[in-house]
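Residue numbers (the working numbering): 70 to 338.
Glycine residues also receive a C-beta, built at the ideal position from the N, C-alpha and C atoms.
Model, not experiment: these values are computed from the prediction.
Worksheet: the structure to be examined is printed underneath.
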Ligand SMILES: [Zn+2]
């Protein structure tokens with residue numbers, strides 16, 4: 070699933086293609102999944118922002134278009150003009166000077182156009198914690214939240230202590246901070262290490278376009294992969310040596326999510 074680095078990469082690549090453009094048409098066949106998109110017609114896209122794993126197109130007349138890529142959603146911009154639709158195209162955004170294709174093989178992603186900031190019904194978005202790459206991700210409130218967790222990894226995935234951390238970046242950050250995924254009630258020193266690790270991992274992942282995994286479902290909108298997989302310490306590396314100590318990386322399921330860790334660097338508490 071695209072996490073903060075993949076969604077931020079997507080945002081940065083869409084910005085020069087979308088901002089300032091007027092929406093001429095939105096072509097799709099699934100009004101349940103891509104809701105109220107006719108409201109975009111004739112509107113100018115003023116900005117494209119990101120909150121956690123959500124993209125937010127800011128439109129004229131106080132409207133937002135929320136896009137969540139979920140498991141396999143993504144954008145394609147390079148094949149312009151499209152001689153034939155990209156594989157798994159679900160929606161086509163027709164602008165006054167071009168087109169952008171939205172693809173989604175598994176169809177879990179969604180779009181919704183609604184009045185600005187009226188997100189209360191989108192629970193994860195409404196209750197999301199601070200952005201990890203902004204100053205608002207302050208150490209002390211994070212330490213206070215981490216001092217109460219019963220299992221640290223599921224707490225991170227809830228998006229409440231910090232926005233945008235999903236399965237890949239939770240595993241990577243916990244390895245860097247040398248904390249077991251099931252650690253509870255983190256000490257101030259542990260949560261300080263984790264705070265630093267999340268910022269560093271996210272910064273480095275954004276710099277190389279995020280992570281394209283072996284299923285290839287995520288690509289940068291220009292068709293390139295994200296290169297952060299080459300820097301993964303534990304994620305998708307079960308059975309391989311830990312880059313820090315050489316022990317064998319293990320994988321197990323925690324709260325239904327594949328979880329990777331080093332048994333020596335991240336001992337079970
Ligand atoms: Zn290790």
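Tell me which same chain residues have a C-beta within less than 6 Å of the C-beta of residue 136, skipping the five on either side of it?
124, 180
How far does the beta strand (DSSP E) with residue 137 in it reach, from first residue to last?
132-137
In three-state DSSP terms, what is residue 252?
coil
Comparing the CB of residue 262 with every heavy atom of ligand 1, is any distance shorter than 6 Å?
no
Would you call residue 254 buried or exposed, if buried means 16 or more other Cβ atoms sit within 10 Å of its Cβ?
exposed
Report yes if the C-beta of residue 134 is less than 6 Å from at least one heavy atom of ligand 1; otherwise report no.
no
Skipping 5 residues on each side, what residues in its chain have a beta carbon closer than 7 Å to that of residue 244?
302, 303, 330, 331, 334, 335
Flag this pair as touching only if the region 306-317 and the region 212-228 have three or more C-beta atom pairs under 8 Å; answer yes or no.
no
Would you say residue 232 and residue 197 are within 7 Å of each other, going by their C-beta atoms?
yes
What does DSSP give as the partner residues of residue 317 in its beta bridges?
310
For residue 143, count the other beta carbons within 10 Å of its own beta carbon; 16 or more makes it buried, fewer makes it exposed. Which is it?
Under a 10 Å Cβ-count criterion, residue 143 is classified as buried, with 16 or more other Cβ atoms of the shown protein chains found around its own Cβ.
Could you give the DSSP three-state label for residue 273: helix, strand or coil?
helix
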